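J.: Below is a structure I'd like to ask you about.
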Amino acid sequence: MKPVRSPHVLVRLVAAGLCGSALFAQAAPSPIPRIVRKDGRYALLVDGAPFLILGAQVNNSSAWPAMLPKVWPAIQALHANTVALPIYWEQLEPEPGRFDYSVADTLVGQARAHGVRLVLLWFGTWKNGSAHYLPLWMKRYPERYPRVTGAGGRPVDSPSPYAAATLAADQRAFAALMRHLKAVDPRRTVIMVQVENEPGTYGSVRDHSAEAERQFAAPVPAALLAALHKDAAAPDANWREVFGADADEFFHAWSVARYVGQVAAAGRAEYALPLYANAALRDPLKPGPPTSYESGGPTDNVIPIWKAAAPALDLLGPDIYQSDPVRYRKALELYHRPDNPLFVAETGNSAAGARFLFPALGLGALGFSPFGIDYTGYSNAPLGAPRVDAEALAPFALNYRLVGPIMRQIARLGFEGKLWAVAEEKDEHSQTLPLGAWKAAVSYGVPAFGFGNHPNGNPEPVGRALIAQLADNQFLVAGLFCRVNFQVGDAAGGKQREFLRVEEGSYAGGAFKPMRIWNGDQTDWGLNFSDAPQVLRVTLGTF
Ligand code: DGJ
Numbered sequence: 175m176k177p178v179r180s181p182h183v184l185v186r187l188v189a190a191g192l193c194g195s196a197l198f199a200q201a202a203p204s205p206i207p208r209i210v211r212k213d214g215r216y217a218l219l220v221d222g223a224p225f226l227i228l229g230a231q232v233n234n235s236s237a238w239p240a241m242l243p244k245v246w247p248a249i250q251a252l253h254a255n256t257v258a259l260p261i262y263w264e265q266l267e268p269e270p271g272r273f274d275y276s277v278a279d280t281l282v283g284q285a286r287a288h289g290v291r292l293v294l295l296w297f298g299t300w301k302n303g304s305a306h307y308l309p310l311w312m313k314r315y316p317e318r319y320p321r322v323t324g325a326g327g328r329p330v331d332s333p334s335p336y337a338a339a340t341l342a343a344d345q346r347a348f349a350a351l352m353r354h355l356k357a358v359d360p361r362r363t364v365i366m367v368q369v370e371n372e373p374g375t376y377g378s379v380r381d382h383s384a385e386a387e388r389q390f391a392a393p394v395p396a397a398l399l400a401a402l403h404k405d406a407a408a409p410d411a412n413w414r415e416v417f418g419a420d421a422d423e424f425f426h427a428w429s430v431a432r433y434v435g436q437v438a439a440a441g442r443a444e445y446a447l448p449l450y451a452n453a454a455l456r457d458p459l460k461p462g463p464p465t466s467y468e469s470g471g472p473t474d475n476v477i478p479i480w481k482a483a484a485p486a487l488d489l490l491g492p493d494i495y496q497s498d499p500v501r502y503r504k505a506l507e508l509y510h511r512p513d514n515p516l517f518v519a520e521t522g523n524s525a526a527g528a529r530f531l532f533p534a535l536g537l538g539a540l541g542f543s544p545f546g547i548d549y550t551g552y553s554n555a556p557l558g559a560p561r562v563d564a565e566a567l568a569p570f571a572l573n574y575r576l577v578g579p580i581m582r583q584i585a586r587l588g589f590e591g592k593l594w595a596v597a598e599e600k601d602e603h604s605q606t607l608p609l610g611a612w613k614a615a616v617s618y619g620v621p622a623f624g625f626g627n628h629p630n631g632n633p634e635p636v637g638r639a640l641i642a643q644l645a646d647n648q649f650l651v652a653g654l655f656c657r658v659n660f661q662v663g664d665a666a667g668g669k670q671r672e673f674l675r676v677e678e679g680s681y682a683g684g685a686f687k688p689m690r691i692w693n694g695d696q697t698d699w700g701l702n703f704s705d706a707p708q709v710l711r712v713t714l715g716t717f
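Numbering follows my numbering, in which position 245 of the sequence shown is assigned residue number 419; successive positions increment by one, without gaps.
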C-alpha cells in the first residue's frame, strides 16, 4: 500500500475501520516527544520543537468509538490542539494476556484525521482512588487483587499498593499498550501518557494489610531519606520514628508512588514517551488532615516523595477545580517547581476558569486541559459548567483561537524566559509587567477610546493578556477584554515611549505575516483588546 497522505483519504479509511497497524506503519517516524529542561525552565518537544498543549479532556466514558461523533464537534468548537482520552484496562485486556488494541487504534486514527494530538490516560489500577477499571477477570478475585485494608481491618474501595499480582498485571498491560503505540504511531499523534488517574486512597490514610504493616515498621528506605535530605533520628528508624504525625500519609505516598513508578518504568522501557501522574489536590491554602483528601496521591506536600519513588514519571500535574482564584493561583505555584514542569492536567470547564490559562502560561506551563469536553450530555457541575455546549465552551474557545495560531512561538519564547501572561482578578484592575528596558501596564474595564478613565475592571473578571519578547524593542502581544500599554523602563532618562510600528497579523511557516498596521484610535490610547482574537507585533522606540 502507498503512504496515505491526504486527510480525506484517512477519514474514509478510518470510517471504514481500516485503521490497524498496517496503515499506521506507512509514515516516516518523527522524533519521539520529550520534555527538556534549560536554565530551570521546561519545554515539551513535539516534532523536535517546543509545543503547547491547548488541551481538552473528554468525560470518563467517552473514549469509546460509538461516542466519538459526540466528541469531535466539541473539540472543534474549542479549537483544541490536543485531546486527552482514557484507555480503559477493562477494554484493553479482556482476558489475561490477550490485548485488544482496536479502540486505541481508532482513537489514534480519528485524532489524526481531525488534526489533533493525543494525551492518553491509562485508567489502570487507580481511577480517582478506586480500582474500578480493573478487567472483569481481576475484579472477580478480590483476594488475589486486594484492596487497601482500613485501620479497623475492613477493606476500603481502593487498590492496595502492596498487591503484587495487581502490580505485575498492570505493568504487563501498560507495557503492552506502550509497545503497541510505538509500533503504530511513528507520526507521534500520541505525545504524552498519564499513568493511572488520580492515584491514592479516600477513606483510609494508608494500607493496613499485613505486608503494609511489616513495611511500615521497617526502616525508612535510605533512598528516600537521602532524597529528602533527612537524617534518621536513629539508625534503622522506622516511618513513625522519622516522620511522626506525617508517617502514615508519607508511607502511603511512598507506597503508591513506588507502584505507579514501576508501572511507568515498564511502559517507558517499551516506548519513552513523556509520562506523568495527575493529582487530586488538597486545599492549596488550608489543607486540613489527610483524611479530608485523597491520601497517597501526588498532593503538594508529598511531591518530593513522589519524585524519589517514581523517577520514570516526567511530571506530576495538578487537577485544578478550585473556583477561588487565590487558591487556583496557589495550586499553579505549588506544582511549578524547579524539579517539576507545570502541566494543568485537568481543570473545570465553567466559564470563570478560562482566564487561568494565562497565569499558567506565565509560569511556563506545558499545557492546560479543561475537563468534560464532549457533547455526550454529561455535566460534572458544580465542578464544571451545568451544560456543555458551544456557548459554554466559548470562553475556552476564545483562548485557543487567540493562542493556537502562535502556539509554537509562545512555547519557544516561554522556554527562553521571554513570556509574561496575566489574568484579571476581581479587585485587581491593572497590573504592571516588568519587561527589562520596558514596562507594560495591563488594565481592565477601560473603554477603548480615551485616556481619562480609571480602570474599574470588567463586570466579571474575564480579562487576560500575554506579552512575549521577540527582540530588544519588539514584542508579540495578545489579549482579550483588556488594554495593554507600554511604558519606558526606569532607566529611560526622561525619554518617552513611541509606537514605531504596531502590526496585526499571524504566523505562517514560522514567520510573522502582517495583515494591517494599527495606528490612530487603535494605538493612541494604548492597545485595546475586545473579544476579537488579535495578535500584534509591536516595535517600540523613544523620543
Ligand atoms: C477528576 C478525575 O481525574 C476525572 O477523571 C473526573 O472524575 C473528574 N475528577 C470529575 O468529573
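We put the CB at the ideal spot given by N, CA and C, even for glycine. Nothing here was measured: the structure is a model prediction, and the numbers come from that model.
1) Ignoring anything shorter than 3 residues or poking outside the stretch 331 to 383, list the beta strand (DSSP E) runs there in chain order.
2) Under 8 Å, with one C-beta from each stretch per pair, do the stretch 409 to 426 and the stretch 378 to 392 reach the 3-pair mark?
3) Taking the alpha-carbon positions, what's the Val476 to Leu490 distance?
4) Which same chain residues, not among the five before or five after Phe198, have their C-beta less than 6 Å away from its C-beta?
5) Indicate whether Pro472 and Ala427 have their beta-carbon atoms separated by less than 9 Å.
6) Excluding the five sequence neighbours on either side, which residues of its own chain have a C-beta within less than 6 Å of the C-beta of Ala722, listed in chain order?
7) Let me know if Gly191 comes out buried or exposed under the rule of 16 or more other beta-carbons within 10 Å of its beta-carbon.
8) Which whole-angstrom value describes the C-beta separation of Leu355 and Trp296, a residue pair presumed to lie in contact below a C-beta threshold of 8 Å?
9) Check whether the Cβ of Glu372 lies closer than 8 Å to any heavy atom of the ligand DGJ, and answer yes or no.
10) Look at the alpha carbon of Ala611 and the alpha carbon of Ala665, and state the distance between them as a whole number of angstroms.
11) Using CA coordinates, which residue listed in Gly715, Arg711, Ile206 is at the minimum distance from Leu449?
12) What are the boundary residues of the beta strand (DSSP E) that includes Asn452?
13) Compute every distance between the C-beta of Leu557 and the non-hydrogen atoms of the ligand DGJ, then say whether any falls below 8 Å.
14) Tell me the rounded alpha-carbon separation between Lys504 and Ser497.
15) I'd like to check one pair, Leu654 with Asp601: are the Cβ atoms closer than 9 Å?
16) Between Ala627 and Thr465, what straight-line distance do the alpha-carbon atoms span, to the nearest angstrom?
17) Relative to the C-alpha of Arg291, which candidate in Ala555, Thr521, Leu219, Gly214 has its C-alpha closest?
18) Pick out whichever of Arg346, Leu459, Trp300, Val596 has its Cα sitting closest to the Cα of Glu269.
19) Between the alpha carbons of Thr713 and Arg671, how many angstroms are there, rounded?
20) Any idea which residues DSSP pairs Gly679 with across the strands?
21) Between which residues of its own chain and Pro265 is the CB-CB distance below 6 Å, once the five residues before and five after are set aside?
22) Cβ of Asp548 within 8 Å of any heavy atom in the ligand DGJ?
23) With DSSP run on the structure shown, which of helix, strand or coil describes Asp493?
24) Here's a check: name, in chain order, each residue in its chain whose Cβ is nearer than 7 Å to the Cβ of Asn452, leaving out the five neighbours to either side.
25) Taking only the alpha-carbon atoms, compute the straight-line gap between Gly667 and Ala597 and give it to the nearest angstrom.
26) On the criterion of 16 or more Cβ atoms from any shown chain inside 10 Å, does Ser235 qualify as buried, or is it exposed?
27) Taking 9 Å as the cut-off, decide whether the C-beta atoms of Ser429 and Arg380 are in contact.
28) Going by the DSSP bridge assignment, what does Lys613 pair with across the sheet?
29) Are the stretch 578 to 593 and the stretch 640 to 655 touching, with three or more C-beta to C-beta distances below 8 Å?
30) Pull up the DSSP beta-bridge partners for Asp422, would you.
31) Taking Ser617 as the reference, which of Phe625, Phe623, His603, Met241 has the closest Cα?
32) Closer than 6 Å by C-beta to Asp548: which residues in its own chain qualify, once you throw out the five before and the five after it? Chain order, please.
33) Within the same chain, show all residues whose beta-carbon is closer than 7 Å to that of Leu252, passing over the 5 residues directly before and after it, in chain order.
34) Looking at the ligand DGJ, does it come within less than 8 Å of Tyr216, judged from the CB to the closest heavy atom?
35) I need the straight-line Cα distance from Leu242 to Tyr681, nearest angstrom please.
36) Using a 10 Å radius around the Cβ and a threshold of 16 neighbouring Cβ atoms, would you call Leu710 buried or exposed?
T.: So, from the listed chains and residues:
1) Note on the stretch 331 to 383: whole beta strand (DSSP E) runs with a minimum of 3 residues are 364 to 371, in chain order.
2) yes
3) 11 Å
4) Its pLDDT being 49, under 50, Phe198 is placed unreliably by the model, and the measurement read from it follows with that caveat. Cβ neighbours of Phe198 beyond the five flanking positions: Val358.
5) yes
6) Residue 722 cannot be examined here, being either before or after the span of the chain that is shown, 175 to 717.
7) Low per-residue confidence applies at Gly191: pLDDT is 38, beneath 50, and the placement is therefore not dependable enough to give any value.
8) About 11 Å; that fails the 8 Å criterion.
9) yes
10) Taking the Cα positions, Ala611 is about 7 Å away from Ala665.
11) Cα-wise, what sits closest to Leu449 is Ile206.
12) 449 to 454
13) yes
14) 12 Å
15) no
16) Per the sequence shown, the amino acid found at residue 627 is Asn instead of Ala. Answer to the nearest angstrom: the Cα atoms are 50 Å apart.
17) Leu219
18) Arg346
19) 11 Å
20) Pro688
21) According to the sequence shown, residue 265 is Gln rather than Pro. The residues are Val277.
22) no
23) Note: Asp493 maps to strand in three-state DSSP.
24) Gln368, Asn371, Glu372, Gly491, Asp493, Ala519, Glu520.
25) 31 Å
26) exposed
27) yes
28) Answer is Pro608, Gln661.
29) yes
30) According to DSSP, Asp422 bridges with nothing at all.
31) His603
32) Val232, Asn233, Ser236, Lys244, Val245, Ala248
33) Ala230, Ile547, Leu567, Phe570, Ala571, Tyr574
34) no
35) 31 Å
36) The residue in question, Leu710, is buried, as its Cβ has 16 or more Cβ neighbours within 10 Å.
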